[in-house]
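Undergrad: Under the numbering used here, think of the first position of the sequence shown as 535, with each following residue one higher.
Right, I'll just put the structure down here and ask away after.
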Amino acid sequence: MDTWRIIENKFDPQQLHHKETLFTLGNGYAGTRGAFEEGYPGAWPTTLVHGVFDDLPLFHTELVNCPNWLPFILLVEGERFGLDRGRILAYERILDLGHGVLTRWVRWQSPAGHMVDLVIERFMSLADEHALAIRYQVTPRDFRGLLEFHTGLSGCVDNQGVVHWDHLDQGASPRAIWLHSRTRHTGIELCLAASLNIVGADSPEFEGQNCEYHPTLTALCQVASGQTITAEKRVVLYTSRETADVRQEALAHLDQLPSYEALRVAHEAAWEKTWTDCDIVIEGDEDAQRAVRYNLFQLLAAVPRQDGRVSIPAKTLSGYGYKGHVFWDTEIFMLPFFTFTQPALARNLLMYRYHTLPGARRKAKNAGFEGAIFAWESAATGDEVTPRWAIGPTQDPVRIWCGDIELHINADVAYAVWQYWQATGDDEFMVHYGAEIILDTAVFWGSRAEWNQERGSYEFNDVIGPDENHEHVNNSVFTNCMAQWHLKTALETLMWLRQHSPEKAMELTAQLDLCPKRLAHWADVISRLYISHDHETGLMEQFDGFFDLEDPDLRSLEPRTRSVQSLLGVERTQQVQVIKQPDVLMLLYLLGDHYDYQTKQVNWDYYVPRTDQTYGSSLSPSIHAILACELGQLETAYEFFMEAALMDLEGLRGNTQDGIHGGSAGGTWQAVVFGFGGVHLAEEGLTATPRLPQGWRRLRFRLQHRGRWHEFDFRQ
C-alpha cells in the first residue's frame, strides 16, 4: 500500500509551497493546491478551474485563482487551531493516489493545554466534477467543553497580488451559504455553494453569517473527552462556461447532493475504475513504483473529461507557473499517455487545438503568412499569449521571442493528431477535425519556407528550436525535419480524405485553397528542404553554425545551483554549445523510424554532454532515458528516468512550488512504456522490445490500440 501513498510525517514551514503543490488534488474540472483548511501565514490557497482565464491588460492573460472553498476553522474552548500556535504533538499527511483523497492526522495541544486529535480529509469528486468535500473529525483527549466549527467561502483571493474577481452577491442560512463572483475582464461568472453537517454531537447549534466576501457557517458542539465530533462540508462549484445561471445551478445541485459518505464512495469507485486502465506495476523498485503512480495521478487529476475547449497547462492545475498557459508539453509529452490508456480524453485534448484554430489563423495572418500557426503559449482563444518581455537573471528586461519564432509547435500538434489517429483508428475525428488541423498548419509551412538560390534548397530561417538557449537560428534541424514530415503527412492526409470522405476533402480544398499549385509547392519543399545531416557519420548540426560556437567546459561551472543561462546570461549562452534540452535528440525520438542506430549513437555522444542536465529543462530526462534504452545504456537510462520521475516529489528543479511539471510527468510514462517496455507503434500494431532495469523483477501495464486492450507483462 505504501506505493499508493505520498506521506509527509513532519510539518516543515520551509517546505510550505513545495508541499502545497505536491498535495494538489484535481478532478479534470478544477485543481486545488494542498493548502491547509485553517490557513497558514504566507500560504497560497489556490483553486484553478479549466478555462477560467482573465486578462491583465497590457501584460498577460492568466488562469485565475478562484474563490476559496477550503476555509475551515476549529476553536477549542475558544482557542483557534493552527500549526503556527500551540504544540504539534503528532503529524501526518497522506495523499492516497488510488482514491484521490488527502488526509491529515494531527494531535494538537492548545496554548491553554487542551489536547485534541484531528483527522481532516478532503477530495474533489471524480464522479461529480462540480462536487467538493471536506470531513473534519475532532476527538478531545483530556477535557470536556466547547468546540466551534466555522467553515466558509472566501472571495478575497488573488493571483499573487493581482485581483481578478468582482464580488456580485452572496447569501447565508443556518445550513447553507453561497458566493457569486465575476472575472473583471473576461466576464466569467462563478458560484460556490456549501452546506455543513455535524455527526456525533447532541443538539449542535447552527448559524449562518453573511460576512462580506466571506459567508460562513458555524456549528457549536458540547463534547466530552474521548467523544468524536465530525463536521462534513459539501461544496458545489459552477462557472458560466457551463451554465447561464450559476447561482441557481449551484444551489440546486447542492440541494441534490448525497451524503458525504455516498459522495466519497462514488468518487473512490471512479478512481479505482480509472486506475484499472492506467496503472503501471513495477515489482522490485518501490521508489520507482510510487513515483510513477504519483506522476500519473497528477496527469489524471488535470485532464479535462467533459470539456473539449480546454487543455492541460504546462503546470497542470497546481500552480501559477506559466500563467496556466498550454504549450507543446501537452501534445508531445502528456498526450501519449492518454492516447494509449484513455483515448476519449486524448481526443478531448486535441479538440482544444481544433477549437483554437481561429486564433492560430489570426496569428499567421498577423505575422504575414498563410494558414495557421498555433500559439507557443495558448489560453482560451488560441491567440498568442507568450509574454514579450521578462526579467532576466541579471534583473534586466529580456525580450521573449518564443511566441514569435518558436514555430515547431505546428508540427508538434500535427504529430499528436497523427499519432492519436494511428493508435485509435478514429476516422470520424480525422475527417471532421484532425485533417483540418494537419492541413491548415501545413499551409503555414508552405508559405514560411524560403528559397536559397545559392544552396538550391528551401530553408526555415530565424526560428527557435526546442533548445531555447539559442534564438534567431537558421535551419534548425528539428524544425526543418518536423516541418518536412508535417508536409508529407498533410499530403497523405488529403489523399486519404479524398478516398474516404470526398465531400469533406472538397470542402477543405476550397476552404484552405489546397489547389494543385499549392500541393506541388509542398512536394517541392519536401524534396528540396535543407537538412544538415552528414550521412557518412550520421551527425546532425543542430542549426547553421552550431558547430562553430565555442565548446565550453561545463565542469568549470560546478558546483552550481542554477542553469547555465542564468550563470552566463542570455547573450553569452547563445555563443556557446550548451543546450537547454534535447533538440536533435528529440527529433531522433519522435521520428525514430527514419534514423538508424549509428545516427542515434553519434548524436547521443555529441549532444548529451552539451545539454544542461541538472538545471536545464525538466523535459530533458525522460527523452534521454528513452534513447538510452534504445542504445542499450540501461544504467544511464534508469538515472535519467528517476530524475524525471522524482522531478516534483523531490523538487529537483527547485521550482515545484510554481506547479507540477506536467511534461515531465507525461515523459515519465513514456520512459517506462516506450523506453523500458520498448513498445513501438508499427504498421502491424503494437510491438515491444522490453529492456528492464536491474532490480525490476516485473513490469506490467495495459495499452489500448484501435479499440482493443493489450496486456503487457514483462519479467526478467
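Positions of the beta carbon are idealized from the N, C-alpha and C atoms, including for glycine.
Since this is a predicted model, take the numbers as computed values, not measurements.
Grouping DSSP H, G and I as helix and E and B as strand, with all else coil, what is Y670?
TA: Y670: strand per DSSP, three-state reduction.
Undergrad: Going along the chain, which unbroken runs of the alpha helix (DSSP H) with 4 or more residues stay wholly within the stretch 1144 to 1204?
TA: 1154 to 1164, 1168 to 1179, 1196 to 1204
Undergrad: So is R1231 buried or exposed if we call it buried at 16+ other beta carbons inside 10 Å?
TA: exposed
Undergrad: Going by other Cβ atoms of all chains shown within 10 Å of its Cβ, with 16 needed for buried, is D1146 buried or exposed?
TA: buried
Undergrad: Can you find the residues in the same chain that come closer than 6 Å, C-beta to C-beta, to E918, ignoring five residues on each side of it along the sequence?
TA: Only K897, A909, G937 meet the Cβ criterion.
Undergrad: Have a look at K857, Y886, S1066 and flag the residue whose alpha-carbon is nearest the alpha-carbon of N599.
TA: K857
Undergrad: Is E1084 close to chain C? Criterion is C-beta to C-beta, closer than 7 Å.
TA: Absent from the structure is chain C; it holds one protein chain and no more.
Undergrad: Please classify H1214: does DSSP put it in a helix, a strand, or coil?
TA: Looking at H1214 - three-state DSSP - the assignment turns out to be strand.
Undergrad: Taking the alpha carbon of D536 as the reference point, which residue from L609, I622, L629, L754 has its own alpha carbon closest?
TA: Looking at the Cα atoms, L629 is the closest of the given residues.
Undergrad: What is the rounded straight-line gap between the Cα of Y949 and the Cα of D1139?
TA: 26 Å
Undergrad: Taking just the CA atoms, how far does E766 sit from I668?
TA: 6 Å
Undergrad: Thinking C-alpha only, which one of T685, R539, R675 is nearest V650?
TA: R675
Undergrad: Taking D618 and R718 to be in contact with their CB atoms under 8 Å, please state how far apart those CB atoms are, rounded to whole angstroms.
TA: So it is not a contact: roughly 33 Å between Cβ atoms.
Undergrad: Between L879 and T873, what straight-line distance do the alpha-carbon atoms span, to the nearest angstrom?
TA: 8 Å
Undergrad: How is the beta strand (DSSP E) around N599 delimited, first residue to last?
TA: 594 to 599
Undergrad: Please tell me whether G1211 and A1222 are closer than 7 Å, where the distance is taken between their beta carbons.
TA: yes
Undergrad: Below 8 Å on the Cβ atoms is my contact criterion, and I expect D961 with H1034 to pass it. Report the Cβ-Cβ distance as a whole number of Å.
TA: 7 Å
Undergrad: CB V997 to CB G1072, shorter than 7 Å?
TA: no
Undergrad: By the three-class DSSP mapping on this structure, what secondary structure does N1008 have?
TA: coil
Undergrad: In angstroms with no decimal places, state the Cα-to-Cα distance between T784 and Y828.
TA: Checking the sequence shown, residue 784 turns out to be Ala, not Thr. If you take the alpha carbons of A784 and Y828, they lie about 32 Å apart.
Undergrad: CA-CA distance, Q823 and F994?
TA: 43 Å
Undergrad: Return the chain-ordered ranges of every alpha helix (DSSP H) run that is complete within the stretch 577 to 655 and spans a minimum of 4 residues.
TA: none
Undergrad: Using C-beta distances below 8 Å, list every residue in its chain close to G926, excluding the 5 sequence neighbours before and after it, in chain order.
TA: V932, G1103, V1104
Undergrad: Evaluate contact between the stretch 642 to 657 and the stretch 607 to 623, counting only Cβ atoms and requiring at least three cross-stretch pairs below 8 Å.
TA: yes
Undergrad: In chain order, what residues of the same chain lie with their CB nearer than 7 Å to the CB of L1180, ignoring the 5 residues before and after it?
TA: A825, L1186
Undergrad: If the criterion is Cβ atoms closer than 7 Å, does the pair F677 and S759 meet it?
TA: yes
Undergrad: Thinking L1153 and D863 are a contact (beta carbons under 8 Å), I'd like their distance in whole angstroms, please.
TA: 7 Å
Undergrad: Between L556 and T566, how many whole angstroms is the CB-CB distance? I'm expecting something under 8 Å.
TA: About 13 Å; that fails the 8 Å criterion.
Undergrad: Assuming P601 and G689 form a contact by the criterion Cβ under 8 Å, report the distance between their Cβ atoms to the nearest whole angstrom.
TA: 5 Å
Undergrad: Expressed to the nearest angstrom, what Euclidean distance is found between the alpha-carbon atoms of R1052 and H1020?
TA: One Cα belongs to R1052, the other to H1020, and the distance between them is close to 15 Å.
Undergrad: Are the beta-carbon atoms belonging to T1027 and A945 less than 7 Å from one another?
TA: No, the Cβ-Cβ distance between T1027 and A945 is not below 7 Å.
Undergrad: Can the beta-carbon of L851 be found less than 7 Å from the beta-carbon of V769?
TA: no
Undergrad: With a threshold of 16 other CB atoms inside 10 Å of the CB of P1081, please say whether the residue is buried or exposed.
TA: Strictly speaking, residue 1081 in this sequence is Phe, with Pro absent from that position. The residue in question, F1081, is exposed, as its Cβ has fewer than 16 Cβ neighbours within 10 Å.
Undergrad: Please identify the residue among A728, L771, E741 whose C-alpha is closest to the C-alpha of C755.
TA: The option with the nearest alpha carbon to C755 is E741.
Undergrad: Could you tell me if N1014 is buried or exposed, where buried requires 16 or more neighbouring beta carbons within 10 angstroms of its beta carbon?
TA: buried
Undergrad: With G937 as the anchor, note down where its beta strand (DSSP E) starts and where it stops.
TA: Run containing G937: none in the beta strand (DSSP E); it sits in the alpha helix (DSSP H), 936 to 939.
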